[in-house]
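Protein chains: 2
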Amino acid sequence: MDFSLLLEHVFKHITLTQEEQSYFVSLLNVRKIKKKQYLDQEGDISKGPAFVTRGIMRSYSLDKNGFEHVIQFAPPGWWIGDMYSIVKQKPGRLYVDAIEDSEIVWLWKSDLDRLYSDIPKFERFFRILGENAIVAFENRLISTLSLPAIERYAQFCRLYPSLTESLPQKQVASYIGVTPEFLSKMLNSPAPK
Amino acid sequence: MDFSLLLEHVFKHITLTQEEQSYFVSLLNVRKIKKKQYLDQEGDISKGPAFVTRGIMRSYSLDKNGFEHVIQFAPPGWWIGDMYSIVKQKPGRLYVDAIEDSEIVWLWKSDLDRLYSDIPKFERFFRILGENAIVAFENRLISTLSLPAIERYAQFCRLYPSLTESLPQKQVASYIGVTPEFLSKMLNSPAPK
DNA sequence: CGTCTATTTGAATGTACTCAAAAGCGGTGG
DNA sequence: CCACCGCTTTTGAGTACATTCAAATAGACG
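Going line by line, the protein sequences match chains D and S.
Residues in the first sequence are numbered from 1 upward in steps of one, following this note's numbering.
Residues in the second sequence are numbered from 1 upward in steps of one, following this note's numbering.
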């Protein structure tokens, strides 16, 4: 098991003794998820938060017409999950699946709670993660409410250049909130690159 | 100064000794804000997070066409601010103003950081607040991406019945992401009450 | 009252969607 | 290695939801 990406990420915000680090690592679980396989489905109670170490994961909701709406993409180094379900330990509204063969490191919610009590520094760590997530959501909401589709697309490309390359357009369309047909037309008609 | 609403709110998530409570209270600042007055404007560096004790506050962004897009309403008992600016201490993108004469309790970002170090329980408190904020943003994003305007309105009414009553329709329209004219038509034409 | 802002209403317009069908692309098995 | 199958992308025509602009009406506040 190679937890170096996650540990590196943790050390950016807090420092741990060797002992604390071992304890933290002992709570980690690893799982490989093949393309198109689910980590969570709607109605599941999420086991806990997941940190992507390989591949690309994604969370999305399904509307009553059967359309997918991407809430988040998670390349390596990012966390993913249905926050509602994780926090409240109730059935969630999101699907979480792998866009490419992926590998995640995850913790049980109960272990996470234990971790908070045993090593309060992790309260800080996840407090900071939460702050960053809120900032990201705030930005996305601003874009969604105030920019036309083509600028939302431009912003997506600026923000996630690597994803823009590696994702099917269909997924990007779902993220920025348009149909795949419309995104295709946008990209091909006005300024044909 | 009456901090009871805020303290009550804090005690829902953590317990404090008398001494800790006094220290916390010593960091608090109070400010009255009259209707239409600003707490923060775009480009300001936010002093720190604000907790509403009276009135209704709101945060919004301004797009290049001069239209407002409400990010959040904050009646008493809610926190408000430009999270990006608070966390990074850089110029923000949001305006924060009072919809009605209001009163807030706020902390300097620097005092908040001190508080985290001096009383780590506050790491937990704000970690939990952050979790809840993320859940709220996740829900709003799902609605924005997957529901038609009329259902976003219905959901708003369900979620904030008290606000639906007390806010000008214009504000609600801005929150759900439609023009005031369109909201008016929606409400008057199909099912006339 | 009078002014300023919010709401309503209408007509014209535009952005994005639906449905349908063709073309492209990638992976898989023979 | 090629052929086929399924999925993604493209393209087009018709449509719908929501906006813009304009003007009239109604409310709120001093």
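Cβ atoms here follow ideal geometry from the backbone N, Cα and C, with glycine treated the same way.
None of these values were measured; they are calculated from a predicted model.
Who pairs with residue i in a beta bridge, going by DSSP?
i	result
N29(D)	W106(D)
L60(D)	Per the sequence shown, residue 60(D) should be read as Tyr rather than Leu. According to DSSP, Y60(D) bridges with V70(D) and Y95(D).
D40(D)	V96(D)
R54(S)	E103(S)
For a contact defined as C-beta to C-beta under 8 Å, what are the partners of residue i on chain D?
i	result
P180(S)	Within 8 Å Cβ-Cβ: nothing; P180(S) doesn't reach chain D, min ~14 Å.
R58(S)	Near R58(S) there are no residues of chain D at all, since even the closest Cβ is about 14 Å away, more than 8 Å.
Give a yes or no on whether 9 Å exceeds the smallest Cβ distance from residue i to chain S.
i	result
A173(D)	no
E123(D)	yes
G48(D)	no
Y116(D)	yes
W106(D)	no
On the premise that residue j lies in contact with residue i, defined as a C-beta separation below 8 Å, what is that separation, rounded to the nearest angstrom?
i	j	result
L6(S)	F67(S)	No, L6(S) and F67(S) are not in contact; Cβ-Cβ is about 33 Å, not under 8 Å.
R93(D)	I142(S)	7 Å
L129(S)	P75(S)	Between P75(S) and L129(S) the Cβ distance is about 16 Å, and since that is not below 8 Å, they are no contact.
D97(S)	L39(S)	7 Å
S85(S)	I33(S)	Actually they are not in contact, since the Cβ atoms of S85(S) and I33(S) sit about 17 Å apart, beyond 8 Å.
V105(S)	N188(S)	Not quite, the Cβ-Cβ distance comes to about 40 Å (not below 8 Å), so this is no contact.
K35(S)	I99(S)	7 Å
L145(D)	G177(S)	5 Å
V135(S)	M83(D)	5 Å
Y175(D)	F24(D)	Wrong, their Cβ atoms sit about 32 Å apart, outside the cutoff.
E138(S)	I71(D)	6 Å
L27(S)	L107(S)	5 Å
P120(D)	P120(S)	5 Å
L183(D)	Q169(D)	6 Å
R127(D)	F126(S)	5 Å
Quick one: list the residues of chain S neighbouring residue i, beta-carbon separation under 9 Å, in chain order.
i	result
V87(D)	I128, E131, N132, I134 and V135
What in chain D is Cβ-close to residue i, meaning under 7 Å?
i	result
G66(S)	Correct list: empty, because the minimum Cβ distance to chain D is about 11 Å.
Should residue i be flagged as near chain D, meaning a C-beta pair shorter than 9 Å?
i	result
M83(S)	yes
P192(S)	With a pLDDT of only 37 at P192(S), under 50, the local geometry of the prediction cannot be trusted, and the value read off the model is given with reservation. Chain D contact via Cβ: absent.
H13(S)	no
Residues of chain S with a CB under 7 Å from the CB of residue i: which are they?
i	result
D63(D)	S146
R93(D)	I142
G177(D)	L145
Which residues in chain D sit within 9 Å of residue i, going by Cβ to Cβ distance?
i	result
I71(S)	E138, L141, I142 and L145
In chain S, which residues lie with their C-beta within 8 Å of the C-beta of residue i?
i	result
P241(D)	Residue 241(D) cannot be examined here, being either before or after the span of chain D that is shown, 1 to 193.
Those runs of the alpha helix (DSSP H) which lie wholly inside the region 67–128 of chain D and span at least 4 residues: 83–88 and 109–118
Every unbroken alpha helix (DSSP H) inside the region 140–178 of chain S [4 residues or more]: Segments of the alpha helix (DSSP H) lying fully in the region 140–178 of chain S: 149–159, 161–166 and 169–176.
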